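Residue numbers (the numbering used here): 7 to 511.
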């Protein structure tokens, strides 16, 4: 291939909306072209790189006994209604009706589709375990696509699904796929990928891991211990902080705090530190129950942890009307005297273990000093609902945690029977009894992986591709082509290298 004949012009200027290195180089280098927000065409040079990444992924999936299939992008809504996700997944799932007024959707993930396939093809324990995978286009109607191929609406994904007769079997296979992912990222040239415990989110299941490529432009916040013994996504990260009351409890005292609503305002007015205050945050659950979350003023509520405590699929901030109906006053809310029948109270461990906090008094312009959990409030849920902070102690070693940014290039989940039970994906065991299959699922973003390699490996002029996925192995340049037969010699060398199986540009 001659560069002059290749589709894809090189551009002098960065695209105006590009904020990341990979977005700039992919567009300027003639790798991709935007069609709409979060939707790109891949040009020939990018297609070659993608093909090599896919080949590596296929090799590693085949090595763990995966079987490649291809499922449709357009799916009937009835499958997602069987699992219950048609109603619970938000607007990122693109729903539509066909000409026969039948509910349809564009697949953003294929748990329901693979369960539909496997339940018709596998019916005996003798056929298990089994794993099927595909490399396929998906669509997720992102509200805010960004960063080129890192956060898009249409994307190529390798998604794999395994089926087992026991949790033990799943766990062993899960580790095999985990190790295969480690090999994949090493082979494509990603130098700094970490596997971290994560929240399973809408996918469900009990255990999941994300593979994060550490990068300043990453959307995810991760916490790492210096020795690598602890790695977690911010959504589930815990610290080694211990909270114990170290001073005597003082009498509850109501004080005037005119127009002071925020933590900083109240702390400054009363001449206390933010860690001597208690913060009230109100939420509404998916079934419209009011939640009063109380945390120390120097921490933020981790909504994913709170969701897990409440066992609710979603949380939204409560409005003032809901707060007032519970007997609390926005800006001056207090757990003291509130009617526990009108809300669910969840107290963070930092509040339980700190004496003499300043909290609201449920009266405009007033706060309480010397609030103590156990005396002024008791018999409510106490849990870790705090967001971990940079420098908090590691729960394993006690060393300060490092806060990093990461790009999620892959994820794996132990789904259990979340999909197989409601969709009746069953097998007959050794005793002829019907049992639900136990599932795992495993995803890799192909385009995002390519973009992450650029973030990881580039210079001032463009990507520095690892040889394993480089679009060409050699770039042949004829200097002064019109002199001394240079053009002819370059052409002859090109032909010889091509015949030898070398990829030459």
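All C-beta atoms, glycine included, are put in the ideal place defined by N, C-alpha and C. Every value quoted in this text rests on a predicted model; they were computed, and no experiment measured them.
At what residues does the beta strand (DSSP E) containing residue i begin and finish?
i, result
"residue 23", "Careful: residue 23 lies outside any beta strand (DSSP E) and carries neither H nor E."
"residue 373", "372-377"
"residue 408", "408-422"
"residue 351", "350-354"
"residue 449", "444-451"
"residue 161", "160-170"
"residue 338", "Note, residue 338: premise wrong, no beta strand (DSSP E); not H, not E."
"residue 39", "38-42"
"residue 204", "Premise fails: residue 204 is in no beta strand (DSSP E) and is neither H nor E."
"residue 284", "284-291"
To the nearest angstrom, report how far apart residue i and residue j are at their CA atoms.
i, j, result
"residue 305", "residue 392", "6 angstroms"
"residue 504", "residue 192", "28 angstroms"
"residue 368", "residue 254", "25 angstroms"
"residue 117", "residue 204", "19 angstroms"
"residue 471", "residue 41", "25 angstroms"
"residue 501", "residue 480", "13 angstroms"
"residue 228", "residue 28", "21 angstroms"
"residue 244", "residue 307", "12 angstroms"
"residue 162", "residue 451", "6 angstroms"
"residue 156", "residue 272", "41 angstroms"
"residue 70", "residue 182", "7 angstroms"
"residue 335", "residue 320", "24 angstroms"
"residue 389", "residue 200", "28 angstroms"
"residue 333", "residue 395", "32 angstroms"
"residue 439", "residue 213", "27 angstroms"
"residue 202", "residue 177", "16 angstroms"
"residue 344", "residue 98", "38 angstroms"
"residue 341", "residue 310", "22 angstroms"
"residue 465", "residue 154", "18 angstroms"
"residue 486", "residue 408", "53 angstroms"
"residue 217", "residue 449", "10 angstroms"
If we count the other Cβ atoms within 10 Å of its Cβ and call it buried at 16 or more, is residue i buried or exposed?
i, result
"residue 10", "exposed"
"residue 454", "buried"
"residue 323", "exposed"
"residue 150", "exposed"
"residue 160", "buried"
"residue 417", "buried"
"residue 67", "buried"
"residue 494", "exposed"
"residue 45", "exposed"
"residue 124", "buried"
"residue 102", "exposed"
"residue 489", "exposed"
"residue 279", "exposed"
Which stretch, first to last residue, makes up the alpha helix (DSSP H) that contains residue i?
i, result
"residue 310", "309-316"
"residue 67", "50-69"
"residue 120", "117-127"
"residue 215", "Residue 215 -> not in any alpha helix (DSSP H); beta strand (DSSP E) instead, spanning 213-220."
"residue 226", "Element bounds for residue 226: not the alpha helix (DSSP H) but the beta strand (DSSP E), 226-230."
"residue 495", "492-505"
"residue 193", "173-194"
"residue 327", "326-331"
"residue 274", "269-276"
"residue 245", "No alpha helix (DSSP H) holds residue 245; DSSP gives it neither H nor E."
"residue 387", "Per DSSP, residue 387 belongs to no alpha helix (DSSP H); it is in the beta strand (DSSP E), 387-389."
"residue 87", "83-89"
Would residue i and residue j qualify as a contact pair, given that the criterion is a beta-carbon distance under 8 angstroms?
i, j, result
"residue 111", "residue 83", "yes"
"residue 420", "residue 131", "no"
"residue 167", "residue 186", "no"
"residue 250", "residue 359", "yes"
"residue 164", "residue 141", "yes"
"residue 445", "residue 169", "yes"
"residue 300", "residue 354", "yes"
"residue 144", "residue 96", "no"
"residue 462", "residue 219", "yes"
"residue 484", "residue 492", "yes"
"residue 77", "residue 120", "yes"
"residue 460", "residue 31", "yes"
"residue 477", "residue 55", "yes"
"residue 63", "residue 48", "no"
"residue 257", "residue 405", "no"
"residue 442", "residue 89", "no"
The ligand ZN and residue i: does the residue's C-beta get closer than 7 angstroms to at least one heavy atom of that ligand?
i, result
"residue 36", "As presented, the structure is devoid of all ligands, the ligand ZN included, so that no description of it is given."
Report task. Inspect the CB distances between the region 425-435 and the region 230-242 and report whether three or more fall short of 8 angstroms. Result -> no
Query raised in the report: Is the region 373-382 close to the region 345-364, with three or more CB pairs under 8 angstroms?
Result: Counting Cβ pairs under 8 angstroms, three or more are found: they touch.
Query raised in the report: Below 8 angstroms, can you find three or more Cβ-Cβ pairs linking the region 383-390 to the region 258-272?
Result: no
Report task. For the region 214-226 and the region 403-418, state whether three or more C-beta atom pairs, one from each stretch, are separated by less than 8 angstroms. Result -> yes
Query raised in the report: Can at least three beta-carbon pairs, one atom from the region 285-300 and one from the region 395-404, be found at a separation below 8 angstroms?
Result: no
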